[in-house]
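Below is one structure; the comments refer to it alone.
There are 2 protein chains.
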Amino acid sequence: MKKPPITLNPTEETNRRAAIIRGAGRLFRDKGYAATTIRDIAGAVGMRSGSPFYHFKTKHDMLQAVVQEGMEAMHLAVENAANAGLPLRAKFEAMVGAHLQALLDEEGRDVAATLLHESRHLDPTALREVVARRDRYELMWRQVLVELKQAGLIHDDSPAIRLFLLGAMNWTTQWYKNDRELSPQQLARQLTAFLLHEAP
Amino acid sequence: MKKPPITLNPTEETNRRAAIIRGAGRLFRDKGYAATTIRDIAGAVGMRSGSPFYHFKTKHDMLQAVVQEGMEAMHLAVENAANAGLPLRAKFEAMVGAHLQALLDEEGRDVAATLLHESRHLDPTALREVVARRDRYELMWRQVLVELKQAGLIHDDSPAIRLFLLGAMNWTTQWYKNDRELSPQQLARQLTAFLLHEAP
DNA sequence: GAATACCAAGCAAGCGCTTGCTTGACAAGA
DNA sequence: TCTTGTCAAGCAAGCGCTTGCTTGGTATTC
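Shown next, in the form of structure tokens:
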């Protein structure tokens, strides 16, 4: 049905749809989905209030697009870290680093935070998709925790511990400032060492 | 200015102001502040849409009251645990248990979750108060982490580790179900043992 | 009869979204 | 080369509805 005249680089600034997703993500992260108006989003990309609806059917669809992008980015980043062929301890730290970087780095932190904090405003169908994908994501963490326990590096790999770990990482969106001295990778090193009870 | 006719038990169901706070807290937790309407809140306590304004000047004031109650409950619970004269390890577990219980138990979980997730909708003045109080709250955690390190039970008591710990606990609001087999106290025991690297 | 607690009704502003129309770029036909 | 037609992209205007909040009135209680 759609046939763009020339298939150019989709990251081009000329791609207005992507610009709307980025602007919406930014606003959803800053003020929340419900408190963000279409006029806010349109203004953020230099449009008038009716124009975003040329690219998206509803405001809800914009949220869905932002969340989708957040899921893909996080899953991909951690999957790459898990499959890089690293030895166990380094793999674990790399996964923590990938999760934190996707969550905190300038590029991508808006969509990731929207995924974490605004998914509840999705309709039931879209929410089910998010939950299913999150379950697949957590499988990777379940697996690495099993390996860590088998190696004797931790003593508990139960679901509660996995959720505590994910919580420790996800909560960074609430306190991490990008102007800090600590990079996401340094944070990952510090958290990993602490969890594995390594002496300094 | 306000002078209640009889200072009776404030948990009495006849205290409509407290009922509004509870109902609002419930809704703020479930749908978020911005997505909750005055009509929702009024309906939750059996009023018409204009009546809550007899007890609160604005919707924002309702949020402020809910957050205030959440802060007092959490601070008091953990403070009691910290000052109960327990030995170090037991004190730490008691503090974790108090924090989790305030966050997860039926009574109080709505206001606590609102404190954690909706404070950003407060105006700058009210927000400063929340931040100041949170800083005093975190002092208690900073202190116990220092003691744990001195005792050799952990190897890192830096700010990042403290924030990771608080994040692990705070994120439970996103996954804990009250119909679970695990109570907040059991969760506290499990998390404490894991962090202190205790063998099973 | 004053104070308390609420209701019925409604107002102004803002909301998501729709509509009819304009604009600039591009390609094809004469 | 000039016209003609098409299309993506967006604008101006506004519709119907919801929002937070106000107002005037009314039971009930002391």
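First to last, the protein sequences are chains A and B.
Numbered according to our numbering, the first sequence spans residues 76 to 275.
Numbered according to our numbering, the second sequence spans residues 76 to 275.
Even glycine gets a Cβ: it sits at the ideal position worked out from N, Cα and C.
Residue i and residue j: beta carbons closer than 8 Å?
i: THR248 (chain B); j: LEU178 (chain B); result: yes
i: ALA109 (chain B); j: HIS196 (chain B); result: yes
i: VAL171 (chain B); j: LEU266 (chain B); result: yes
i: SER126 (chain B); j: ARG114 (chain B); result: no
i: HIS130 (chain B); j: ARG91 (chain B); result: yes
i: ALA156 (chain B); j: ALA169 (chain B); result: yes
i: ILE116 (chain B); j: ALA99 (chain B); result: yes
i: ALA243 (chain A); j: ALA243 (chain B); result: yes
Please report the straight-line C-alpha distance between residue i and residue j, rounded to a whole angstrom.
i: VAL221 (chain A); j: PRO275 (chain A); result: 25 Å
i: LEU238 (chain A); j: PRO259 (chain A); result: 20 Å
i: ASP180 (chain B); j: ASP254 (chain B); result: 11 Å
i: LEU175 (chain A); j: ASN245 (chain A); result: 8 Å
i: LYS166 (chain B); j: ASP136 (chain A); result: 48 Å
i: PHE269 (chain B); j: PHE269 (chain A); result: 11 Å
i: LYS78 (chain A); j: GLY107 (chain B); result: With a pLDDT of only 29 at LYS78 (chain A), under the threshold of 50, the placement of this residue in the model should not be trusted; the figure read from the coordinates follows. Whole-angstrom Cα-Cα distance: 40 Å.
i: TYR251 (chain A); j: ASP198 (chain A); result: 30 Å
i: THR82 (chain B); j: ARG97 (chain B); result: Its pLDDT being 31, under 50, THR82 (chain B) is placed unreliably in this model, and the value from its coordinates should be taken loosely. For THR82 (chain B) and ARG97 (chain B), the distance between alpha carbons rounds to 19 Å.
i: VAL206 (chain B); j: GLN261 (chain A); result: 26 Å
i: LEU143 (chain B); j: LEU161 (chain A); result: The identity of residue 143 (chain B) in the sequence shown is Gln, whereas the question assumes Leu. In a straight line, the C-alpha of GLN143 (chain B) is about 48 Å away from that of LEU161 (chain A).
i: ASP232 (chain A); j: GLY121 (chain B); result: 47 Å
i: GLN218 (chain B); j: GLU154 (chain B); result: 12 Å
i: GLN225 (chain B); j: GLU273 (chain B); result: 17 Å
i: LEU223 (chain A); j: ASP105 (chain A); result: 37 Å
i: GLY118 (chain B); j: SER194 (chain B); result: 23 Å
i: ARG184 (chain A); j: ILE95 (chain A); result: 16 Å
i: VAL141 (chain A); j: VAL141 (chain B); result: 30 Å
i: GLU213 (chain A); j: GLU213 (chain B); result: 30 Å
Comparing C-alpha positions only, which one of the options sits nearest to residue i?
i: ALA173 (chain A); options: A:LEU241, A:ALA119, A:ARG114 and A:ASP115; result: A:LEU241
i: GLU204 (chain B); options: B:VAL120, B:HIS130, B:GLN139 and B:GLY98; result: B:GLN139
i: HIS158 (chain B); options: B:GLY125, B:ILE116 and B:MET215; result: The question names His, but residue 158 (chain B) is Asn in the sequence shown. Of the candidates B:GLY125, B:ILE116 and B:MET215, the one whose C-alpha sits nearest the C-alpha of ASN158 (chain B) is B:MET215.
i: ALA34 (chain B); options: B:ASP115, B:PHE103 and B:GLU182; result: No statement about residue 34 (chain B) is possible, as the shown extent of chain B runs from 76 to 275 and does not include it.
i: PHE128 (chain B); options: B:LYS252, B:ALA156 and B:THR112; result: B:THR112
i: GLY227 (chain B); options: B:PRO234, B:HIS130 and B:LEU271; result: B:LEU271
i: HIS150 (chain B); options: B:GLU256, B:THR189, B:ASP105 and B:ARG211; result: B:ARG211
i: PHE103 (chain A); options: A:ALA117, A:LEU161, A:ASP231 and A:ALA188; result: A:ALA188
i: LEU163 (chain A); options: A:GLU256, A:ILE229, A:GLU144 and A:ARG208; result: A:ILE229
i: MET146 (chain A); options: A:ALA201, A:ALA117 and A:GLU256; result: A:ALA201
i: GLU256 (chain B); options: A:ALA235, A:ALA263, A:ASP105 and A:LEU223; result: A:ALA235
i: ARG209 (chain A); options: A:LEU190, A:LYS224 and A:VAL219; result: A:LEU190
Considering just the uninterrupted stretch of the alpha helix (DSSP H) at residue i, what are its terminal residues?
i: HIS230 (chain A); result: Neither: HIS230 (chain A) is in no alpha helix (DSSP H) and is coded neither H nor E.
i: ARG65 (chain A); result: Given a span of 76 to 275 for chain A in the structure shown, any question on residue 65 (chain A) remains unanswerable.
i: GLU147 (chain B); result: 134-157
i: HIS130 (chain B); result: 127-130
i: GLU273 (chain A); result: Premise fails: GLU273 (chain A) is in no alpha helix (DSSP H) and is neither H nor E.
i: LEU190 (chain A); result: 181-193
i: TRP250 (chain B); result: 247-250
Residue ranges of each beta strand (DSSP E) within the segment 98-122 of chain A, 3 or longer: none
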